[in-house]
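Line order of the protein sequences matches chains H and R. Per the working numbering, the first sequence starts with residue 149, numbered consecutively. Per the working numbering, the second sequence starts with residue 149, numbered consecutively. What follows is one structure encoded as structure tokens, with my remarks underneath.
There are 2 protein chains.
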Amino acid sequence: MKFESQPSYSLGQRTPASREAAAGESGGNVTLVSQAALGAINRGRVLQALYDNGPKSRADLARLAGVNRTTITGIVQPMIEDQLLVEGDASPSDVKGGKPARPLYFNHDAPMLGAVLLLPGTIQACLVALTGEIKAVTKAEFDPLGDTEAFIAVMTKTLTATLSEAQQAPFGIGVASAGMIDSDNGTILTVNLAPVLTGLPLVAILQERFSLPVVIDHHPRALLVGDRWFGPGRGQQNFAAVYTGEVLGGAFFIDGKVYRGLAGSGGELGHSVVQIDGALCNCGKHGCWETVAALPWLRKEAARMGLPHPKSITCARLVKEADEGSNAADELLDRYTRNVAFGIVNLQQTLSLNSYVLHGDVAGGGVRAAELIRQHVEQLVVKRPGQEISITVNGIGEGHTALRGAAGLVLSSHLKLVI
Amino acid sequence: MKFESQPSYSLGQRTPASREAAAGESGGNVTLVSQAALGAINRGRVLQALYDNGPKSRADLARLAGVNRTTITGIVQPMIEDQLLVEGDASPSDVKGGKPARPLYFNHDAPMLGAVLLLPGTIQACLVALTGEIKAVTKAEFDPLGDTEAFIAVMTKTLTATLSEAQQAPFGIGVASAGMIDSDNGTILTVNLAPVLTGLPLVAILQERFSLPVVIDHHPRALLVGDRWFGPGRGQQNFAAVYTGEVLGGAFFIDGKVYRGLAGSGGELGHSVVQIDGALCNCGKHGCWETVAALPWLRKEAARMGLPHPKSITCARLVKEADEGSNAADELLDRYTRNVAFGIVNLQQTLSLNSYVLHGDVAGGGVRAAELIRQHVEQLVVKRPGQEISITVNGIGEGHTALRGAAGLVLSSHLKLVI
DNA sequence: ATAAGTTTGTGCGAAGTACAAACTAACTGC
DNA sequence: GCAGTTAGTTTGTACTTCGCACAAACTTAT
Numbered sequence: 149m150k151f152e153s154q155p156s157y158s159l160g161q162r163t164p165a166s167r168e169a170a171a172g173e174s175g176g177n178v179t180l181v182s183q184a185a186l187g188a189i190n191r192g193r194v195l196q197a198l199y200d201n202g203p204k205s206r207a208d209l210a211r212l213a214g215v216n217r218t219t220i221t222g223i224v225q226p227m228i229e230d231q232l233l234v235e236g237d238a239s240p241s242d243v244k245g246g247k248p249a250r251p252l253y254f255n256h257d258a259p260m261l262g263a264v265l266l267l268p269g270t271i272q273a274c275l276v277a278l279t280g281e282i283k284a285v286t287k288a289e290f291d292p293l294g295d296t297e298a299f300i301a302v303m304t305k306t307l308t309a310t311l312s313e314a315q316q317a318p319f320g321i322g323v324a325s326a327g328m329i330d331s332d333n334g335t336i337l338t339v340n341l342a343p344v345l346t347g348l349p350l351v352a353i354l355q356e357r358f359s360l361p362v363v364i365d366h367h368p369r370a371l372l373v374g375d376r377w378f379g380p381g382r383g384q385q386n387f388a389a390v391y392t393g394e395v396l397g398g399a400f401f402i403d404g405k406v407y408r409g410l411a412g413s414g415g416e417l418g419h420s421v422v423q424i425d426g427a428l429c430n431c432g433k434h435g436c437w438e439t440v441a442a443l444p445w446l447r448k449e450a451a452r453m454g455l456p457h458p459k460s461i462t463c464a465r466l467v468k469e470a471d472e473g474s475n476a477a478d479e480l481l482d483r484y485t486r487n488v489a490f491g492i493v494n495l496q497q498t499l500s501l502n503s504y505v506l507h508g509d510v511a512g513g514g515v516r517a518a519e520l521i522r523q524h525v526e527q528l529v530v531k532r533p534g535q536e537i538s539i540t541v542n543g544i545g546e547g548h549t550a551l552r553g554a555a556g557l558v559l560s561s562h563l564k565l566v567i
Numbered sequence: 149m150k151f152e153s154q155p156s157y158s159l160g161q162r163t164p165a166s167r168e169a170a171a172g173e174s175g176g177n178v179t180l181v182s183q184a185a186l187g188a189i190n191r192g193r194v195l196q197a198l199y200d201n202g203p204k205s206r207a208d209l210a211r212l213a214g215v216n217r218t219t220i221t222g223i224v225q226p227m228i229e230d231q232l233l234v235e236g237d238a239s240p241s242d243v244k245g246g247k248p249a250r251p252l253y254f255n256h257d258a259p260m261l262g263a264v265l266l267l268p269g270t271i272q273a274c275l276v277a278l279t280g281e282i283k284a285v286t287k288a289e290f291d292p293l294g295d296t297e298a299f300i301a302v303m304t305k306t307l308t309a310t311l312s313e314a315q316q317a318p319f320g321i322g323v324a325s326a327g328m329i330d331s332d333n334g335t336i337l338t339v340n341l342a343p344v345l346t347g348l349p350l351v352a353i354l355q356e357r358f359s360l361p362v363v364i365d366h367h368p369r370a371l372l373v374g375d376r377w378f379g380p381g382r383g384q385q386n387f388a389a390v391y392t393g394e395v396l397g398g399a400f401f402i403d404g405k406v407y408r409g410l411a412g413s414g415g416e417l418g419h420s421v422v423q424i425d426g427a428l429c430n431c432g433k434h435g436c437w438e439t440v441a442a443l444p445w446l447r448k449e450a451a452r453m454g455l456p457h458p459k460s461i462t463c464a465r466l467v468k469e470a471d472e473g474s475n476a477a478d479e480l481l482d483r484y485t486r487n488v489a490f491g492i493v494n495l496q497q498t499l500s501l502n503s504y505v506l507h508g509d510v511a512g513g514g515v516r517a518a519e520l521i522r523q524h525v526e527q528l529v530v531k532r533p534g535q536e537i538s539i540t541v542n543g544i545g546e547g548h549t550a551l552r553g554a555a556g557l558v559l560s561s562h563l564k565l566v567i
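Here it is, written out as structure tokens:
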């Protein structure tokens, strides 16, 4: 399947990319900003402002960005003509009269985003509208120990099925994958439990088959992006997403952009050390955060304390049983949330992002777990005047956030907000 | 003392600042890039390329930045006319003939940078040339428990003495200070051992007295900037500076810019937790990194192990005694460097910067200490294919790096490399 | 010695961008 | 009906980068 049509205005995908490539070839470490790139950057920022703040008039956007109204007109007019944006009905003027503003927002029928969630053994693909709605979900399974060609066949078939439901060419395809991902080079390095994926240059493969921009990143980073574009991180310039479950992970949104680290390796928090010479971790080291704040620890402690059905214990059940009056559950919940808090404390001491969105098991514990973690973090962090730490839970289902995040990866790279 | 003259080309100080202020007033979180800002940004990047790569011809710079040669000419010509840059002698052409290139570099007589290092009880001020040379060092002492007015008087007098030796108006004044600093608002929050500084809006005070741009940041961040502009971090896009001594601290250079965190509070690594419920820390918490990797721990262990003169033990002496055959020193050195390594490991797992510059006590241990730390980090970190971790020591004296870093703070803010 | 080839650096016009001023459109309040 | 206010557009200006052409300065081959 191939898509040809592209919007008349460049969103900066081509030019800066080729520029960077050129600079890369000559080994340069500086990149000047060209005139054309400038336009793309500003177009991207206007779109992001629309995302972050919801429907806004041209005048509002101009005020928000501190630029001239005419600049905004120049930016949005081609987008309206291309039906990426639509003008809403005139909203009544608020105070002292004046011409009513016409709010702008994304066209419901604008091109969508392809999204793939890749976990050991399963593939989920879908289309995500710019407004966040999910459509055309397709699921498939693959043999984690099988043949590479077989996997590619399943992946292609699944994605083709989903993309064929799009009315127009999607902006691109975003892939969120478990495991260790090299997002710079678009390859999967290793996925525990799915050796078939080891070393797979998935971006190159999909780009070739679908002739669309393709982006890949690891699961926690997709959650982060999902939070940023469509969840509680919307509009924020600094926050972290923290995932807890069988393993621990995190991702950071710093100064308005996704932090990736070299070759996309930042945020592997599970194996930061919180207990020198502590318990043995799966990674072979001792005292990793994962040894005290992941589900295996919780199951072990639940069994030790004699809680019912310790093998299937979750934060959600712990909260429920604590709410029902179980002292043991209450105590374990407190210790669990405290252990989770230590990782967040170290993050806070390091980056001082002040805002954290929880995912995974601990998110199942809802507001109560989040509040407990917040209290522990507050106690364990060195206080600064005027500093407030917020811990929130993403209420939307886990899979949906990851899929939306995969879609958001495309937006982030497409809008090229980084210079 | 007031300075009036300013270079004819803007380096972006005024416009973006006022732009940001305007956007801030209206509560906006996006900022479009203006035409004028674009020029300032590119001018800044050309200058940074000159810093990072040493003297380069226009053609080289154009290749390095991936832009047209004429663009570089347009950027550097006014700077040459303003005597910020100078054209060197024609260097002999290297291979196939052609017109010999004229390398450009900073004019030795260009405006300098004012730098202040503020530690409890002492002030150091100096001028730093764009080439890194330090001139007109002035030192003074103040009463850490004394009167605010008295401190300001000493500070003003010291700085006036230094600045009066400048031939032209410096580009600005950079202040590196111990303690907790709010670099966004330019105030000192708290300094242990110097209560007189608590809450002092030093930037506003100095800006008013000297009519120059003033920047303040905390000590580790000044070391980072010193490394970046004039030390082992030169030309690097990602690295961290780590300070060990009576306390621990760090600062990060991420994707080509100094990371500050909200209100400049990132990098307070000393109180990240590496030992849940471990030893009591000065901060009132338990198991902070500072409890196992700072000098108080080293002194305590040296005493426990019966090493000579444990109260004045340093990493430098430990290395010397270990080199001379002391098994106890060797063993303690290994444990000390391992404990230091844990903090770097957590940083690496979080941000994956791959490159660390050591300062403070552990830097006194030279290459041997750095290599030991590197080995421990390699062992304790989760390996990624193709990932190399570098640990280096800044050979230049501590004070000089901090002063150069304070100067570099001005450059960083003046060049406005961030958009 | 001469010619050819190569590289550097500089005018000049074109294209693209944001901005300011002045304008029209649309609504409120008196 | 008219003044006041706000939204959005038109028009002209200033600034920046880019591509092309060209002179200057050097090397190499004949």
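Using N, Cα and C, we set each Cβ at its ideal position, and we do this for glycine too.
query = Using DSSP with H/G/I as helix, E/B as strand and the rest coil, what is R/His90?
reply = The structure shown does not extend to residue 90 of chain R, since chain R spans only 149 to 567, so no value can be given for it.
query = Is the CB of H/Ala301 under 9 Å away from at least one CB in chain R?
reply = no
query = Closest to H/Ser331 by CA distance: which of H/Thr221, H/Ala317, H/Gln272 and H/Gly415 is it?
reply = H/Gly415
ask   = Can you name the start and end residues of the beta strand (DSSP E) that H/Lys405 belongs to?
value = Lys405 to Tyr407
query = Count the other CB atoms within 10 Å of the CB of H/His457; is the residue buried (16 or more) or exposed (fewer)?
reply = exposed
query = DSSP state of R/Met260, grouped into three classes?
reply = coil
query = DSSP three-state call for H/His457: helix, strand or coil?
reply = coil
query = By the criterion of Cβ-Cβ separation under 9 Å, what are the contact partners of R/Gly252 in chain H?
reply = The question names Gly, but residue 252 of chain R is Leu in the sequence shown. Those do not exist, as R/Leu252 stays about 14 Å from chain H at its closest Cβ, beyond 9 Å.
message = Which of the three DSSP states is assigned to H/Gln225 in this structure?
response = helix
task = Assess, as a yes-or-no matter, whether the region 342 to 356 of chain R is touched by the region 471 to 487 of chain R under the definition of 3 or more beta carbon pairs within less than 8 Å.
result = no
query = Could you give the residue range of the beta strand (DSSP E) that holds R/Cys274?
reply = Thr270 to Val276
inquiry  = Quick check on the burial criterion: 16 or more other C-beta atoms within 10 angstroms. Buried or exposed for H/Gln231?
reply    = exposed
message = Which same chain residues end up closer than 6 Å to R/Leu348 when comparing Cβ atoms and leaving out the 5 residues on each side of it in sequence?
response = Ile336
key: Coarse secondary structure for H/Ile537, derived from DSSP in three states   = coil
key: Cα-Cα separation between R/Ala169 and R/Ile461, rounded to whole angstroms   = With a pLDDT of 34 at R/Ala169, under the threshold of 50, the predicted position of this residue should be treated as unreliable, though the coordinate-derived value follows. Taking the straight line from one Cα to the other gives about 49 Å.
task = Grab the span of the beta strand (DSSP E) containing H/Phe400 for me, first residue to last.
result = Leu396 to Ile402
ask   = Residue range of the alpha helix (DSSP H) that H/Val488 falls in?
value = Asn475 to Leu499
message = Using only the alpha-carbon positions, how far apart do H/Arg369 and H/Gln385 sit?
response = 15 Å
query = Buried or exposed: R/Leu233, going by 16 or more other Cβ atoms within 10 Å of its Cβ?
reply = buried
request  = Check each residue of the region 533 to 544 of chain R: if its Cβ is closer than 9 Å to any Cβ of chain H, include it; give the result in chain order.
outcome  = Pro533, Gly534 and Gln535
query = In the structure shown, what three-state DSSP assignment does H/Lys468 receive?
reply = helix
request  = Whole angstroms is fine: what's the gap from R/Ala418's alpha carbon to R/Ala342's?
outcome  = According to the sequence displayed, residue 418 of chain R carries Gly and not Ala. Cα to Cα, R/Gly418 sits roughly 20 Å from R/Ala342.
inquiry  = For the region 316 to 341 of chain H, list every residue whose C-beta sits within 9 Å of some C-beta in chain R, in sequence order.
reply    = Met328, Asp330, Leu337 and Thr338
inquiry  = Determine, for H/His419, whether the minimum Cβ-Cβ distance to residues of chain R falls below 9 Å.
reply    = yes
request  = Select from R/Ser500, R/Gly512, R/Arg486 and R/Asn502 the residue whose C-alpha is nearest the C-alpha of R/Val527.
outcome  = Per the sequence shown, residue 527 of chain R should be read as Gln rather than Val. The shortest Cα separation from R/Gln527 among R/Ser500, R/Gly512, R/Arg486 and R/Asn502 belongs to R/Arg486.
request  = Return the residues of the region 210 to 222 of chain R that lie within a Cβ-Cβ distance of less than 8 Å from chain H, sorted by chain order.
outcome  = Arg211, Leu212, Ala213, Gly214, Val215 and Thr219
ask   = By Cβ distance below 7 Å, which residues in the same chain neighbour H/Thr338 in space, the five residues on each side in sequence not counted?
value = Gly327, Met328 and Thr346
inquiry  = By the three-class DSSP mapping on this structure, what secondary structure does R/Ala313 have?
reply    = At residue 313 of chain R the sequence reads Glu, which differs from the Ala that was named. Three-state result, R/Glu313: coil.
message = With the cut-off set at 9 Å, would you say H/Asn216 and H/Gly374 are in Cβ contact?
response = no
query = Using Cβ-Cβ distances below 8 Å, what residues of the region 489 to 515 of chain R are close to chain H?
reply = Phe490, Val493, Asn494, Leu495, Gln497, Thr498, Leu499, Ser500, Leu501 and Asn502
message = What would DSSP say about R/Asp425, mapped onto helix, strand or coil?
response = coil
ask   = If you count every other CB in all the chains shown that lies within 10 Å of the CB of R/Ala263, and 16 or more means buried, which is it?
value = buried
ask   = For H/Gly322, which residues does DSSP report across the bridge?
value = H/Ala263 and H/Val363
query = H/Val390 and H/Gly245: beta carbons closer than 9 Å?
reply = no
task = Could you work out which residues of chain R lie near H/Leu428, taking near to mean beta carbons separated by less than 7 Å?
result = The contacting residues do not exist; H/Leu428 stays about 13 Å from chain R at best.
ask   = Bridge partners of H/Ala389, per DSSP?
value = H/Ala399 and H/Val505
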